[in-house]
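J.: One structure, pasted below without further comment.
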Amino acid sequence: MLATDLPPDLPSLDIACLARLMPMFLWVLPSGLIRAVGPTLRKLLPDDPVGMPFFDLFTIRRPAAAPGMAELQRLSGARLHLLLRPPPGTGFRGITVPLAAGQGALVNLSFGIEVADAVRAHHLTDSDFAPTDLTVEMLYLAEAKSAVMQELHELNRRLQQAKAAAEEQALTDTLTGLANRRAMDQAVDRLIADATPFGLMHVDLDFFKQVNDTFGHAAGDAVLQIVARVLRDETRVGDLVARVGGDEFVLILPGIAQTDPLGPVAQRIIARLSEPIDYRGQSCRVSASIGMTVSTLYPRPRPGRLLSDADRALYFSKSQGRARATAYTPDPEEEGEPPQAEADRRMAPAATVTLDTSAPDPGLNVAPRRLTNGAAP
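Numbering (my numbering), first residue to last: 16 to 392.
Printed below as a string of structure tokens:
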């Protein structure tokens with residue numbers, strides 16, 4: 016490690032001992048030339064640094080610039096921040112101590128906070144550090160922590176996915192894929208809390224029991240799945256379609272402030288559900304009776320009241336011959352539940368929408384969610 020062209024009469028340090036104790040040391044002569052260098056530091060340099068000027072290889076960034084050896088020796092004991100001039104411009108922390116007269120100074124370096132980047136850039140191993148240096152152990156701990164954090168992040172992601180799936184499952188009807196009663200209750204509560212107007216339609220299938228009794232429950236399940244698809248087709252993105260009972264469904268349509276727009280929706284649903292449903296070559300026939308109301312008709316809308324009034328309108332539709340829809344108009348002055356006879360009087364014939372297949376579909380004044388192929392969205 017000694018340069019043969021340097022003065023041979025200088026007292027010599029034990030370079031091997033220095034290399035073992037401080038693998039990133041530099042012995043700098045008073046002339047500023049490098050007399051010896053540690054093995055790890057040598058790996059970082061493109062050429063043999065022995066005999067090269069120290070300040071050609073390193074820039075002292077802090078403290079204030081030290082352009083020569085005299086200034087470097089005056090910084091004895093101070094914490095130095097250095098930058099390697101050759102690429103990749105590795106940064107170092109260091110300390111310098113003066114040697115006996117005429118021998119120059121000893122500079123010992125470390126990577127500081129850039130150690131991880133330096134290890135990767137220069138492919139360093141445990142043997143490149145002093146036996147007393149805890150750098151490698153700290154790197155192992157950092158890597159272990161990073162691995163644990165990644166594993167915890169992945170575990171948390173899976174837990175969040177499982178939680179979301181469980182919450183969705185808790186709000187979903189497993190047979191039809193529609194929302195269930197709990198989801199419907201939450202949606203209504205949220206709309207009322209936000210003072211968002213909405214329409215509510217209660218749909219009940221006519222003659223569904225006959226399908227179950229005649230063709231079996233498998234046929235009934237198939238019919239319910241087709242009904243669910245029809246209800247999704249005839250509602251908008253953002254509307255909620257819920258199965259709340261065996262053959263009962265509730266549709267929540269945000270933004271609907273009057274019952275008039277609900278009529279065309281009900282008409283299309285009734286028309287489609289009146290068509291025969293094929294199940295393994297057997298023709299299953301059902302129809303739909305519908306009761307409707309809107310939240311804006313109530314000074315203080317309450318979920319139970321809206322559902323109860325829509326239910327009354329639904330059974331009025333059934334009493335009038337099925338396959339029709341009835342809009343319920345509450346008394347604004349009434350706070351309690353009206354008697355059945357009074358409720359029936361409020362459902363005037365003009366509020367009953369009967370199916371007329373010869374009439375053109377007037378359409379909803381907001382775009383329905385239709386698919387040309389008839390598939391569920």
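Beta carbons are placed, not taken as given, at the ideal position from N, Cα and C, and that holds for glycine.
What three-state label does DSSP hand T55 in the structure shown?
T.: The residue labelled residue 55 in the question sits at position 40 within the sequence shown. Reduced to three states, the DSSP call for T55 is helix.
J.: Output needed for A34: all residues of its chain with C-beta closer than 6 Å, excluding positions within five of it in sequence on either side, in chain order.
T.: Stepping through the sequence shown from its first residue, residue 34 is reached at position 19. G53 and P54, listed in sequence order.
J.: Is the region 222–230 touching the region 319–333 in the sense that three or more CB pairs, one from each, lie closer than 8 Å?
T.: The region 319–333 vs the region 222–230: no contact.
J.: Please name the residue, chosen from R337, G336, L321 and F331, that lies closest to P345 on a Cα-to-Cα basis.
T.: Start at 1 with the first residue of the sequence shown, and residue 345 comes out as number 330. Closest option to P345, Cα to Cα, is L321.
J.: Is S302 helix, strand or coil by DSSP?
T.: Residue mapping note: residue 302 aligns to position 287 of the sequence shown, counting from 1. If DSSP states are grouped into helix, strand and coil, S302 belongs with the strands.
J.: In terms of alpha-carbon separation, which member of A185, G127, A131 and L190 lies closest to A157?
T.: Numbered from its first residue, the sequence shown carries residue 157 at position 142. The shortest C-alpha separation from A157 is found at A131.
J.: In chain order, what residues of the same chain have a beta carbon less than 8 Å from the beta carbon of G83, not counting five sequence neighbours either side?
T.: Locating residue 83 in the sequence shown gives position 68, where the first residue counts as 1. For G83, where only same-chain residues beyond five positions count, the Cβ hits under 8 Å are G47 and F70.
J.: Got a sec, what are the start and stop residues for the beta strand (DSSP E) I271 sits in?
T.: Reading the sequence shown from its first residue, position 256 is the one you call residue 271. From DSSP, I271 is part of no beta strand (DSSP E); its letter is neither H nor E.
J.: Taking Cβ to Cβ, would you say R197 is nearer than 7 Å to L206?
T.: Here residue 197 refers to the residue found at position 182 of the sequence shown. Here residue 206 refers to the residue found at position 191 of the sequence shown. No; because the gap between Cβ atoms is not below 7 Å, this pair is not in contact.
J.: Any idea if R173 is buried or exposed, counting beta-carbon neighbours within 10 angstroms, 16 or more meaning buried?
T.: Taking the first residue of the sequence shown as 1, we reach residue 173 at position 158. Exposed, by the Cβ-count rule.
J.: Rounded to the nearest angstrom, what separates Q88 and P45 at their Cα positions?
T.: On the sequence shown, position 73 is the one that residue 88 refers to. On the sequence shown, position 30 is the one that residue 45 refers to. Roughly 9 Å between the two C-alpha positions.
J.: When you compare only the Cα positions, how much space is there between P269 and V252?
T.: In the sequence shown, residue 269 corresponds to position 254, counting from 1. In the sequence shown, residue 252 corresponds to position 237, counting from 1. Distance between the alpha carbons of P269 and V252 is about 10 Å.
J.: Taking 6 Å as the cut-off, is the C-beta of T341 nearer than that to any heavy atom in the ligand NAP?
T.: The ligand NAP is not among the ligands present in this structure, which contains no ligands whatsoever.
J.: Can you give me the C-alpha to C-alpha distance between N291 and S332, rounded to a whole angstrom?
T.: Sequence index remark: in the sequence shown, residue 291 carries index 276 (1-based). Sequence index remark: in the sequence shown, residue 332 carries index 317 (1-based). The sequence given here places Pro at residue 291; Asn does not occur at that position. Taking the straight line from one Cα to the other gives about 21 Å.
J.: Pick out whichever of S334, E249, T311 and A202 has its Cα sitting closest to the Cα of P279.
T.: The sequence position of residue 279 within the sequence shown is 264, counting from 1. Checking every option, the nearest Cα to that of P279 belongs to E249.
J.: Report the residue from G306, G117, R315 and A233 whose alpha carbon sits nearest the alpha carbon of A340.
T.: Translated into positions along the sequence shown, residue 340 becomes position 325. If we check each option's Cα against that of A340, G306 comes out closest.
J.: Around the Cβ of A181, are there at least 16 other Cβ atoms within 10 angstroms (buried) or fewer (exposed)?
T.: Here residue 181 refers to the residue found at position 166 when the sequence shown is read from its first residue. Answer is exposed; the Cβ neighbour count stays below 16.
J.: Rank T308, S334, Q335 and A234 by C-alpha distance to the C-alpha of D293 and give the top, closest one.
T.: Working through the sequence shown from its first residue, we reach residue 293 at position 278. Of the listed residues, the one whose Cα sits closest to D293 is A234.
J.: Near P316, what residues of its chain come up, given a Cβ to Cβ distance below 6 Å and the 5 sequence neighbours on each side ignored?
T.: The residue given as residue 316 occupies position 301 in the sequence shown. Correct list, in chain order: I207 and S310.
J.: Taking R76 as part of the beta strand (DSSP E), name the residues at either end of that continuous run.
T.: Numbered from 1 along the sequence shown, position 61 holds the residue referred to as residue 76. Taken as a continuous stretch (DSSP letters only), the beta strand (DSSP E) holding R76 covers F73 to R77.
J.: May I ask you to report which of helix, strand or coil DSSP gives E263?
T.: Counted from its first residue, the sequence shown places residue 263 at position 248. In this structure, E263 counts as strand in the three-state DSSP scheme.
J.: My output table needs one value for P212: the three-state DSSP class, helix, strand or coil.
T.: As a working mapping, residue 212 is identified with position 197 in the sequence shown. Note: P212 maps to coil in three-state DSSP.
J.: Looking at F264: is its Cβ nearer than 7 Å to the Cβ of V203?
T.: The residue labelled residue 264 in the question sits at position 249 within the sequence shown. The residue labelled residue 203 in the question sits at position 188 within the sequence shown. No, these two residues do not count as a Cβ contact at 7 Å.
J.: Between V43, L154 and Y155, which lies nearest to A116 when the distance is taken from Cα to Cα?
T.: On the sequence shown, residue 116 is found 101 positions in, with the first residue counted as 1. Answer by Cα proximity: V43.
J.: In whole angstroms, what separates the C-alpha of T211 from that of D275?
T.: On the sequence shown, residue 211 is found 196 positions in, with the first residue counted as 1. On the sequence shown, residue 275 is found 260 positions in, with the first residue counted as 1. The straight-line gap from Cα to Cα measures roughly 18 Å.
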